[in-house]
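To convert, note that position 199 of the sequence shown is 198 in numbering that gives the first Met the number 0; the numbers rise steadily by one, no gaps.
We put the beta carbon where it would ideally sit given N, CA and C, even for glycine.
Please read the structure below before turning to the comments.
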Amino acid sequence: MILITGGNGFIGRSLIAFMEKRAMPFRAVSRNPAPGCMALGDMTKDPDWSVALRDVDVVIHLAGRAHVLKEEADPAQAFQSVNVDATLALARQAAATGVRRFVFVSSIKASGGQSATRKPFLADDMPRPADEYGRSKLEAERQLFQLGRDTGMEITVVRPPLVYGPGVPANFALMLKWAGSGLPSPFGAINNCRSLVYVENLCDLLARLSDHPHAAGQVFLVSDGVDFSTAELFSKLAKLQGKKPINLPIPVALLTGLLQLMGKSGYQDRLLANLQVDIGKTCRLLQWVPPISSEEGMRVTVENFRNRPEARN
């Protein structure tokens, strides 16, 4: 039996559908009541996981506090409370009930804020997180590995980059809408390189991590195996919506200044910087390749988005 936390989130809903399709035994929990999920309330309130953990062999821990661009006064404490303390509380209860493996869905932000030009992150690079979110994910990883050494529970970590797919929220949805509007982008002069992962590819890897003997004690990176510049991504999303992409070659320095003037400096890394990952270790140790091409993943994502109300507003 696999326990999925964060079952009502974007990745959680996709993972539930993935496992249902393959008749994999699982139980899903979420903070609030949701179809197919056991409501457990606020993770920071020290909930009793005993019922959720009954007969569970593997935990896939998706629940956590996401990275947001406009944070409140003390984001470090908020990230610590959810991403570290609540994660460890669950993991300790899991170990005490005999769970064999704990799969922690971390973030590429634990590796760092951006990769060097044409030098992707490797899974075993020295981590250098650049913000409180990344630091909280890395701290959770380190404490989980220590718990594994103390208790014998196997720990496996995966650090996804941006995840996209049907129902994708936030910034990717905004770019989908922009690309479908026919309006030009200012990205023509941006020659960066960014990795993404289609949500079903991530789900396929999570299923592999739940039982592969070589996954224990390891950190893995994941992507579709194809990287894009911001301009290439915008063009692809526009073409899939029947629009002719127009990427104006605005100098990067000017774009950076405009974002800062607009109070949108948090978008600089996401739009202008490199964030590339090397999935060689993942493919080699787990005998895994992304089953769905980025081309197909983008097509399905766009098709789903065009049927959503926000695409028509």
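7 Å CB neighbourhood of residue i in its chain, flanking five on each side removed
| i | result |
| --- | --- |
| W287 | L204, R207 and T281 |
| C367 | Summary: the structure shown does not reach residue 367, with the chain confined to residues 0 through 312, and so no result is reported for it. |
| P185 | L247, I249 and L254 |
| S13 | G164, V198, E199 and C202 |
Assigned exposure category for residue i - 16 Cβ within 10 Å defines buried
| i | result |
| --- | --- |
| V225 | exposed |
| I1 | buried |
| P165 | buried |
| S49 | exposed |
| N170 | exposed |
| R53 | exposed |
| N273 | buried |
| G262 | exposed |
| G296 | buried |
| L236 | buried |
| E231 | buried |
| A62 | buried |
| P32 | exposed |
| S354 | There is simply no residue 354 to check, as the chain begins at 0 and stops at 312 in what is shown. |
| P119 | buried |
| P34 | exposed |
| R283 | exposed |
Residues near residue i by beta carbon distance below 6 Å, same chain, minus five either side
| i | result |
| --- | --- |
| L121 | D277 |
| A139 | N82, V83 and T86 |
| S194 | P160, S222, D226, Q275 and V276 |
| P126 | A109, S110 and L137 |
| Y266 | L258 |
| H211 | L285 |
| L39 | V28 and P46 |
| A75 | E131 |
| G181 | K242 |
Straight-line gap, residue i to residue j (C-alpha atoms, nearest Å)
| i | j | result |
| --- | --- | --- |
| F227 | Q259 | 24 Å |
| Y144 | R305 | According to the sequence as given, residue 144 is Phe; it is not Tyr. Distance between the alpha carbons of F144 and R305: 42 Å. |
| D223 | P159 | 10 Å |
| A27 | G8 | 11 Å |
| K20 | A172 | 26 Å |
| P315 | R134 | A question about residue 315 goes unanswered here, because the residues of the chain that appear run from 0 up to 312. |
| H213 | V157 | 13 Å |
| G151 | L271 | 43 Å |
| E153 | L285 | 16 Å |
| V196 | S293 | 8 Å |
| G11 | T4 | 7 Å |
| R91 | K136 | 17 Å |
| N191 | T116 | 8 Å |
| P308 | C202 | 26 Å |
| F233 | I189 | 11 Å |
| D130 | I107 | 12 Å |
| A51 | F25 | 10 Å |
| N200 | T229 | 21 Å |
| F17 | P183 | 36 Å |
| F78 | P46 | 18 Å |
| D124 | A88 | 28 Å |
| G256 | S209 | 45 Å |
| K238 | A22 | 36 Å |
| Q142 | G187 | 43 Å |
| A65 | R269 | 15 Å |
| V218 | A252 | 35 Å |
| N303 | G279 | 31 Å |
| L220 | P128 | 15 Å |
Residue i Cβ short of 8 Å to the ligand ZN heavy atom set
| i | result |
| --- | --- |
| V156 | Summarising the ligand content, the structure contains no ligands, and the ligand ZN is consequently not present. |
Contact set for residue i: own chain, Cβ-Cβ below 8 Å, skip 5 residues either direction
| i | result |
| --- | --- |
| G216 | F144, G147, E153, I154 and T155 |
| T43 | S80, V81, D84 and A85 |
| P168 | F9 |
| Y163 | F171, L195, V196, Y197, V198, G296, M297 and T300 |
| D41 | R30 |
| P290 | E199, N200 and D203 |
Any chain B beta carbon closer than 9 Å to residue i
| i | result |
| --- | --- |
| G11 | Absent here is chain B; the protein component of the structure consists of one chain. |
Looking at C-beta atoms only, is the number of pairs between the segment 163-183 and the segment 138-153 that lie closer than 8 Å three or more? No: fewer than three Cβ pairs fall under 8 Å.
What residue ranges within the segment 173-244 form continuous beta strand (DSSP E) runs of no fewer than 3 residues, ordered along the chain? Listed in chain order, the beta strand (DSSP E) runs fully inside the segment 173-244 are 193-197 and 218-220, counting runs of at least 3 residues.
At a cut of 8 Å, does the segment 96-115 reach the segment 49-61 through at least three beta carbon pairs? Pairwise C-beta distances place the segment 96-115 in contact with the segment 49-61, as three or more of them are shorter than 8 Å.
Three Cβ pairs or more, each shorter than 8 Å: is that satisfied between the segment 108-120 and the segment 89-100? Judged by Cβ distances under 8 Å, the segment 108-120 makes no contact with the segment 89-100, as fewer than three pairs qualify.
I'd like to know if the segment 234-247 and the segment 77-84 are in contact, where contact means that at least 3 CB-CB pairs between them fall below 8 Å. No, the segment 234-247 does not touch the segment 77-84.
Return the chain-ordered ranges of every alpha helix (DSSP H) run that is complete within the segment 71-149 and spans a minimum of 4 residues. Correct list: 74-78 and 86-95.
List in chain order: all unbroken beta strand (DSSP E) runs of 3+ residues lying wholly within the segment 12-42. With a minimum length of 3 residues, the continuous beta strand (DSSP E) runs that stay inside the segment 12-42 are 25-29.
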